[in-house]
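K.L.:
There are 2 protein chains.
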Amino acid sequence: MRRYLTEHPWKIIEEGFDPERQKSSESLFSLGNGHMGQRANFEETYSGQSLQGHYIAGIYYPDKTRVGWWKNGYPEYFAKVLNAPSWIGLKITLNDQVLDLNLLNIRSFNRTLDMHEGVLYRSFEVEFGGGEIVKVSTERFLSIARQELGCINYSLKLLRGTGNCTVEFYLDGDIRNEDANYDEKFWEPVGAQTEGSFGVLTSKTKKTGFVVSTGMSTKVLLNHQLVDIAPTKGINKNRISLSYRLDLNESDTMSLVKLASVFTSRDHPIDKLSDLALDMCKKANVIGYAELKNEQVLAWAEKWKTSDIVIEGDVSAQQGIRFSVFQLNQTYSGHDPRLNIGPKGFTGEKYGGSTYWDTEAYCLPFFLNTAGPDIAKNLLIYRYKHLEKAIENAAKLGFRNGAALFPMVTMDGEECHNEWEITFEEIHRNGAIVYAIYNYIKHTNDIQYMDDYGLEVVIAVARFWVQRAHLSQEKGKFVILGVTGPNEYENNVNNNWYTNYIAAWSLTYAVENLELLKERNFARYQELSDQLQLQLPKEPNSWAEVAQQMYLPENKKLGVFVQQEGYMDKEQIMAADLPESDRPINQNWSWDRILRSCFIKQADVLQGLYFFEDHFDLETLRRNFEFYEPRTVHESSLSPSIHVILASKLGMKEKAYELYHRTARLDLDDYNNEVHEGCHTTSMAGSWLAVVEGFGGMRIINSRLHFNPSLPDLWESLKFIIRFRSRIIGMTIQTNDTTIELLEGESISVFLKGKEVSLSESR
Amino acid sequence: MRRYLTEHPWKIIEEGFDPERQKSSESLFSLGNGHMGQRANFEETYSGQSLQGHYIAGIYYPDKTRVGWWKNGYPEYFAKVLNAPSWIGLKITLNDQVLDLNLLNIRSFNRTLDMHEGVLYRSFEVEFGGGEIVKVSTERFLSIARQELGCINYSLKLLRGTGNCTVEFYLDGDIRNEDANYDEKFWEPVGAQTEGSFGVLTSKTKKTGFVVSTGMSTKVLLNHQLVDIAPTKGINKNRISLSYRLDLNESDTMSLVKLASVFTSRDHPIDKLSDLALDMCKKANVIGYAELKNEQVLAWAEKWKTSDIVIEGDVSAQQGIRFSVFQLNQTYSGHDPRLNIGPKGFTGEKYGGSTYWDTEAYCLPFFLNTAGPDIAKNLLIYRYKHLEKAIENAAKLGFRNGAALFPMVTMDGEECHNEWEITFEEIHRNGAIVYAIYNYIKHTNDIQYMDDYGLEVVIAVARFWVQRAHLSQEKGKFVILGVTGPNEYENNVNNNWYTNYIAAWSLTYAVENLELLKERNFARYQELSDQLQLQLPKEPNSWAEVAQQMYLPENKKLGVFVQQEGYMDKEQIMAADLPESDRPINQNWSWDRILRSCFIKQADVLQGLYFFEDHFDLETLRRNFEFYEPRTVHESSLSPSIHVILASKLGMKEKAYELYHRTARLDLDDYNNEVHEGCHTTSMAGSWLAVVEGFGGMRIINSRLHFNPSLPDLWESLKFIIRFRSRIIGMTIQTNDTTIELLEGESISVFLKGKEVSLSESR
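The listed protein sequences correspond, in order, to chains A and B.
Take the first sequence: its letter number 157 is residue 157 in my numbering, and every next letter is one higher.
Take the second sequence: its letter number 106 is residue 1106 in my numbering, and every next letter is one higher.
Now the structure itself:
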């Protein structure tokens, strides 16, 4: 863990420049607007260590897989999000010396991400070789109001000296992914053009053939007066530039405005792209930077209205949760059901920007509560659209009869991951996809979703589980062999309790919902039965049988569920007893040692107890928590949040608070020493859960909202807003007092610490 | 399985040319002489599918590893044997048309490997585009008498037409490995020179810096008269050529003699290499092809004298076993303790040409019995020399106190493999290395080896096992978690019976031998204790404790040992009930399906029963064999042989005979559909074991030789020769009569079917 940034309720602040931290800060200060994202790379030249990253949602490349030893069933390709043509570049020279923070003497440096505004600020003073001193102040944002627009306002004041200054505004299509399995380039040039102070570069991805036109508008002001000179053009197939040259005297301020548009063939006809990109730049130029920024601030204010969480008395906790909410809102706006949420959002290349079960298990409740059911529904529809591929995927692995195995990692429904222990074995993801449907309907009461989409998925998953389990003659129970649970520090285990439990639950859920549909909508029931060639009643009967007879390993003596068979044979060491130098174990221990240890990467049995809390009594939860948490090293970003929620429920306030910091400030404090690769965007939804379900104690039980708040001692108050069945509800929790307000919607009664409270809209 | 080759007791014969089979035949007709090997690539141009392969023992390259997802502990490099500069090339044109079997009309084709002579013959007739017909007859061998020499005699008779013929003799350093992780070239040019009809090309491997000088002597004869013309030289940094041009009339015969030398910096000073290569060519040229071939035939006769196996009544079986013995003798001559036996010998690139546990478990007894203890001892010394690296390897995985983990795959002691489930988990190999010491001493009574070398290895391995096992509180026994047994169709299992058994045995063996050394040679005992900082008696006591308390899974109801925990939970299906279209399952099933099935790749529990047969009664062997063999798919080349031996002991003659063909003719009949990648050289030692220990029933029990022969019904007789404690013994087994002859050495008595028989040398 490294404290480096300044604590502030609304801002992320870096004071002073540390080149060793540049890649980390590039991640942390990333911008995004749902359509695209941009790491906090410098506009001007920077010759030091940097991970260049501009990502466009849904633009990917199927990189040829790289494996040690090919195994049957491995996918040929790994779809990954691409570093897209760069739009931010400004090459600035003063008296022929390049402005480059890696080479010049830095007198001061400040980088600030204003989360309230959604604007990245930077200012610094540098001294050039000839003694010239300049002060640079920059602003940058990706417009929420106009998703295809990015804006830069870059001002340079000459504090000492005089000189000739050249400024090259450029667009660069000659870019690479750091994560390229065979060092290939993924883009090829299509066209480049300039028109006055405007330019457009068009590039195409190899194989997938996505076309992107990137436009720029360029403007130079001297002491706030437009410099009316024609730029020098530089055009080659992969790069265009517009250069200006001007003389600066001491105290002169040069301002550069660069407005860039990014249009893709995902949204527009290919032959219109470059025109659209150009037009957007011209239009934005007319609107002007100030007004565009104003739009941005207003748009973010709108987002914060329904998603802000206010913590008083603990700036560090406040900053962490706002950062989480900010990043989630930057990543996914829910306007496009073809998109999903990559584990690193738009902040890095790692994990390929693809969809994992994080979406269903962690992100869905955040968007349900802050953005509303329509947005959240698109996350379910995304998987529904991939059902056909999931059935193909299962068929490749030998499953029949319309069984579906949703991919572990995907961009377009096709499985991308290729480690057998994950790809083929981490099948619990199939359960999370059903759980998300259950969770969505529990929250929204949108039963129609089940009829129209949900049940098809639920049945296809049931058909998978019923084949994947088999009756052990030895045990007289159904077993599921050879799996990897959520705790990926165990591979290829038998009867992982979590997997078996969620499989059994999914099967029961399928049986029940098929029955409910029959009662509710017989026509649709018949239609679906025909369409899926359901064998009735044989198939649901077999689902019920497997569910009822599922083997669920348990240690009766200790009163705990057993993570998987053989777990109790392990050397039982507590995480707290590990030497500090061994942690994180995934960076210090060989893989086999991790595998045979008792250490748990992230909630596994406890993930099940979190999902199905209402199936167990409090003492069972407590015994399992007290058994498993001390064995958990929390080396997955998804781990601490679930433990916060359970600890909070169990009244373990200190444990909850300690783990809250680990989730909400995971990236800000770089607990896992890896933020240079990007932020843990999906797990930020876990931070939201930790606050709302953990400290807020929110639950939906039998269609009713419950709150059992329990604030950390340090916190004076906690305020958050949730949506529930067409209502917006505001919570204000203080140590001894909780206020619940109905901000929008019809009257409703909810439960506060078990007592029913009636709510009506105040005005 | 594909029958394609002609059966013959001494020859491998291919009649007619099938380009689809070319790569397979290139493997099967490979030549080797212990120093180097050469696939049966054509000398003349061939533009069809081919895997070019010339391999030099001990010349390797550490190719950068390729993995899907890096795991701590993975080695950075995979040392692999290299396709070395090519020495065989002859480019022949007739009337400007290239002689290329891929382009010309083939009238006849025969390829014959004469195993008795160690010479590869080829003859074919082709028709050129202009109607010219030529008949080509070639001979090639790698000299056993002069290991740095390869010889080609290539004759071309013009059966129809006349024409101008050009012949380019060349050496080519511009070569690649097909198995190169990042398509890199592994060689760089050093120098090239010619002198009259001689030439030398010198090349160097990247990174490892091995230097190889390849020399050639060229000679052209027309109708058996030397053609005395000066060749045209072609020299570039990676290739040299000497070209001759002559006019041929109908019925003319042109003969080309190419003698090539291969000298390496492994054996000679770098600055002498090219001179040595040149001198060898000149000398060989003076000796002449006929005499060199004569030497070859005599040298092979010498090898066959002590290693031939004669089977009468079954040509197919005879051909299979001679092919096995031939390939083993081609691969390893035992003159260099730095060398070992790669799984494919010199016949292909797959598996990197590195050393596996095949050497200890399969090859050692072959060389002990046919080549003698000094040769076999070099195989043990090879591992002894790697002890330091094995200790480093274990330290990387977290083991201390001089514990050694020998690598799964290695060239120079460094671990090369990088799949966690094999590299880190297939630790039973450590047991085989101790077993080989035990086996060697059992066979030779060379107890001095234990004092000088063996015990250091035995103790280092004991120190590994004692740390790798731990006491399960649940079981009150020592357990070994997270391993892969010999059956690689199970990964990361707990308490693999074979691993636990051989671990316990190794520990006991260490305790006993430390005690024996103390009694036998106290000074050495003390020296070793000091050197290894042995804690006495604490360490051996702990070894004994772990050995005694080792958990060995067993199913008492069925009376069988259980392959690993959880095995009995699997769906119990017999291999015979698998649809033919599913086999081999490793080509038709996804990896997860294989893993969770009950199917066994190769002997696992049965490997242990084979090694430790004398620890178990016959009924235990029978029950386990009858349980496991029907679940075994024999998809490892190492599988059938062990089952032949056990089946033979159990009187299951039909099963033994069926599986014998699968081992001895595995490559000739291409059972696994993969011989194009190379032959299964190490498993050929299993064929030898199948004959001698299986049908011959040879065992060493309490230092005495036993034979319990049991011939397949078809066989009229079986003859083989073994070495035992300075004696050479000849066996002739007929259905109702067995003759045992002492061919060399002092009188000895042996047991034939339990009855003692005294043997004295006949002359």
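From the three backbone atoms N, C-alpha and C, an ideal C-beta is built for every residue, glycine too.
Please state the DSSP three-state secondary structure of residue 771(A).
P.N.:
Summary: the structure shown does not reach residue 771(A), with chain A confined to residues 1 through 763, and so no result is reported for it.
K.L.:
By the 8 Å beta-carbon criterion, what residues does the stretch 480-492 of chain A contribute toward chain B?
P.N.:
Taking 8 Å as the Cβ-Cβ cut-off against chain B, the residues of the stretch 480-492 of chain A that qualify are 481, 482, 491, 492.
K.L.:
Between the alpha carbons of residue 615(A) and residue 626(A), how many angstroms are there, rounded?
P.N.:
Each residue's Cα considered, the two are about 18 Å apart.
K.L.:
Buried or exposed for residue 1140(B), going by 16 or more other Cβ atoms inside 10 Å?
P.N.:
Answer is buried; the Cβ neighbour count reaches 16.
K.L.:
Counting contacts by CB-CB distance shorter than 7 Å, is residue 392(A) in contact with chain B?
P.N.:
By this cut-off, residue 392(A) is not an interface position.
K.L.:
Would residue 1420(B) pass as an interface residue toward chain A - the criterion being a Cβ-Cβ separation below 7 Å?
P.N.:
It does; some Cβ of chain A falls within 7 Å.
K.L.:
Looking at C-beta atoms only, is the number of pairs between the stretch 1481-1489 of chain B and the stretch 1408-1428 of chain B that lie closer than 8 Å three or more?
P.N.:
They touch, by the three-pair rule.
K.L.:
Give the DSSP-derived three-state secondary structure of residue 378(A) in the structure shown.
P.N.:
Note: residue 378(A) maps to helix in three-state DSSP.
K.L.:
From residue 1508(B) to residue 1457(B), what distance separates their C-alpha atoms?
P.N.:
Going from the Cα of residue 1508(B) to the Cα of residue 1457(B) covers about 14 Å.
K.L.:
Please list the residues of the stretch 564-577 of chain A that have a C-beta atom closer than 8 Å to any C-beta atom in chain B, keeping them in chain order.
P.N.:
Within the stretch 564-577 of chain A, the residues whose Cβ lies closer than 8 Å to some Cβ of chain B are 565, 566, 568, 569, 570, 571, 572, listed in chain order.
K.L.:
Determine, using beta carbons only, whether residue 69(A) comes closer than 7 Å to chain B.
P.N.:
By this cut-off, residue 69(A) is an interface position.
K.L.:
Starting from residue 1329(B), trace the alpha helix (DSSP H) in both directions and tell me its first and last residue.
P.N.:
Taken as a continuous stretch (DSSP letters only), the alpha helix (DSSP H) holding residue 1329(B) covers 1315-1331.
K.L.:
Do you know offhand how far residue 665(A)'s Cα is from residue 40(A)'s?
P.N.:
For residue 665(A) and residue 40(A), the distance between alpha carbons rounds to 19 Å.
K.L.:
Skipping 5 residues on each side, what residues in its chain have a beta carbon closer than 7 Å to that of residue 25(A)?
P.N.:
Closer than 7 Å at the Cβ level, and outside the excluded window around residue 25(A), lie 14, 40, 111.
K.L.:
Residue 409(A) by DSSP, collapsed to three states: which one?
P.N.:
The answer is coil: DSSP assigns residue 409(A) none of H, G, I, E or B.
K.L.:
Who are the Cβ neighbours of residue 748(A) in its own chain at under 7 Å, not counting the five residues just before and after it?
P.N.:
Cβ neighbours of residue 748(A) beyond the five flanking positions: 727, 742, 759.
K.L.:
Leaving out the 5 sequence neighbours to the left and right, which residues in its chain are closer than 6 Å to residue 72(A) when beta-carbon positions are compared?
P.N.:
So the list is empty, once near-sequence residues are dropped.
K.L.:
Alpha carbon to alpha carbon, what distance is there between residue 1327(B) and residue 1604(B)?
P.N.:
Straight-line Cα distance between these residues: approximately 26 Å.
K.L.:
Once DSSP output is grouped into helix, strand and coil, what is the label at residue 193(A)?
P.N.:
If DSSP states are grouped into helix, strand and coil, residue 193(A) belongs with the strands.
K.L.:
Could you tell me the alpha carbon to alpha carbon distance between residue 1244(B) and residue 1115(B), rounded to whole angstroms?
P.N.:
Rounded to whole angstroms, residue 1244(B) to residue 1115(B) spans 33 Å at the Cα level.
K.L.:
Give the secondary structure of residue 767(A) by DSSP, where H, G and I count as helix, E and B as strand, and everything else as coil.
P.N.:
Residue 767(A) is absent from the model: chain A starts at 1 and stops at 763.
K.L.:
Just grab the DSSP bridge partners of residue 1080(B) for me.
P.N.:
Answer by DSSP bridge pairing, in chain order: 1061(B).
K.L.:
To the nearest whole angstrom, what separates the beta carbons of residue 36(A) and residue 142(A), a pair I think is in contact under 8 Å?
P.N.:
Yes, they are in contact, since the Cβ atoms of residue 36(A) and residue 142(A) sit about 6 Å apart, within 8 Å.
K.L.:
Does residue 618(A) have its Cβ less than 7 Å from a Cβ in chain B?
P.N.:
Chain B contact via Cβ: absent.
K.L.:
For the alpha helix (DSSP H) that contains residue 1508(B), what are its first and last residues?
P.N.:
Unbroken alpha helix (DSSP H) run through residue 1508(B): 1497-1520.
K.L.:
Chain A beta carbons: is any one of them nearer than 7 Å to that of residue 1604(B)?
P.N.:
For residue 1604(B), the answer is no, since every Cβ of chain A falls outside 7 Å of its Cβ.
K.L.:
Taking 7 Å as the threshold (C-beta atoms), are residue 692(A) and residue 684(A) in contact?
P.N.:
Result no, Cβ atoms of residue 684(A) and residue 692(A) do not sit closer than 7 Å.
K.L.:
Taking only the alpha-carbon atoms, compute the straight-line gap between residue 753(A) and residue 710(A) and give it to the nearest angstrom.
P.N.:
The straight-line gap from Cα to Cα measures roughly 10 Å.
K.L.:
Rounded to a whole number of angstroms, what is the C-alpha to C-alpha distance between residue 408(A) and residue 1271(B)?
P.N.:
When rounded, the distance between both Cα atoms is 57 Å.
K.L.:
Rounded to whole angstroms, what's the CA-CA distance from residue 1252(B) to residue 1056(B)? Just pull it up for me.
P.N.:
Distance between the alpha carbons of residue 1252(B) and residue 1056(B): 37 Å.
K.L.:
Using the three-state DSSP reduction, which class does residue 1601(B) fall into: helix, strand or coil?
P.N.:
The answer is coil: DSSP assigns residue 1601(B) none of H, G, I, E or B.
K.L.:
Which complete alpha helix (DSSP H) runs does the stretch 624-656 of chain A hold, if anything under 4 residues is left out?
P.N.:
DSSP runs (the alpha helix (DSSP H)) wholly in the stretch 624-656 of chain A: 639-649.
K.L.:
Listing by chain order, which chain A residues have their CB less than 9 Å from the CB of residue 1335(B)?
P.N.:
Residues of chain A passing the Cβ test: none, with the nearest at roughly 33 Å.
K.L.:
I'd like to confirm the pairing. Which residues does DSSP put opposite residue 1260(B) in its beta bridges?
P.N.:
Looking at the DSSP assignment, residue 1260(B) forms a beta bridge with 1150(B), 1216(B).
K.L.:
In chain B, which residues lie less than 7 Å from residue 398(A) when you measure between Cβ atoms?
P.N.:
Simply 1589, 1590, 1593.
K.L.:
Below 6 Å CB to CB, which residues in the same chain sit around residue 333(A) once its five sequence neighbours on both sides are set aside?
P.N.:
Within the same chain, residue 333(A) has close Cβ partners 34.
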